[in-house]
Amino acid sequence: MLDSQLTNAGFFEISGPVEPPQPGITYVRPQANETVRIFIPADGSGIEVYAGTLRQSRLVFNGPIEQALALPWLLPPSN
25 MLDSQLTNAG FFEISGPVEP PQPGITYVRP QANETVRIFI PADGSGIEVY
75 AGTLRQSRLV FNGPIEQALA LPWLLPPSN
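Numbering (this note's numbering) for the sequence shown: 25 to 103.
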């Protein structure tokens, strides 16, 4: 379910050595002013949302997936 919501919001799954170095799934959505990166740990314990560049970003949310879905960073971009 979360996968389809992220896809509909313009995110795509990436693979590779992106921090944090732990098992999980990472999604990104590049934008003109910053990239939003979502990390979902393999244990499903929550979600981490980062904004900035892919390599240098700031943590903007760390918590339950249910709460994260209301964040403006996860909404589809307005055209």
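C-beta atoms are modelled at their ideal positions from N, C-alpha and C, and glycine is treated no differently. Keep in mind the model is a prediction, meaning the values are calculated, not measured.
In or out: residue i buried (at least 16 other Cβ within 10 Å) or exposed?
i     : result
Leu83 : exposed
Thr50 : buried
Phe35 : buried
Just to confirm my understanding: we take residue i, look at its own chain, exclude 5 residues before and 5 after, and list those with CB closer than 6 Å. What are they?
i     : result
Val60 : Arg53, Ala75 and Trp97
Ile71 : Ile64, Ile89 and Ala92
Pro45 : none
Looking at C-alpha atoms only, which residue of the options is the closest neighbour of residue i?
i     : options                       : result
Gly68 : Pro47, Asn32, Leu95 and Gly34 : Pro47
Ser81 : Leu95, Gln29, Asn57 and Ser39 : Asn57
Arg79 : Ala66, Ile62 and Ser28        : Ile62
Go through its chain and collect everything with a Cβ distance to residue i's Cβ below 7 Å, but skip five positions before and after it.
i     : result
Leu99 : Ala33
Asp27 : none
Using a Cβ-Cβ cut-off of 8 Å (strictly less than) and excluding sequence neighbours within five positions of residue i, which residues of its own chain qualify?
i     : result
Leu95 : Val73, Val84 and Phe85
Ile38 : Thr50, Tyr51 and Val52
*List in chain order: all unbroken alpha helix (DSSP H) runs of 4+ residues lying wholly within the stretch 29-102.*
Every alpha helix (DSSP H) of 4 residues or more that sits fully in the stretch 29-102 is shown, in chain order, as 89-92.
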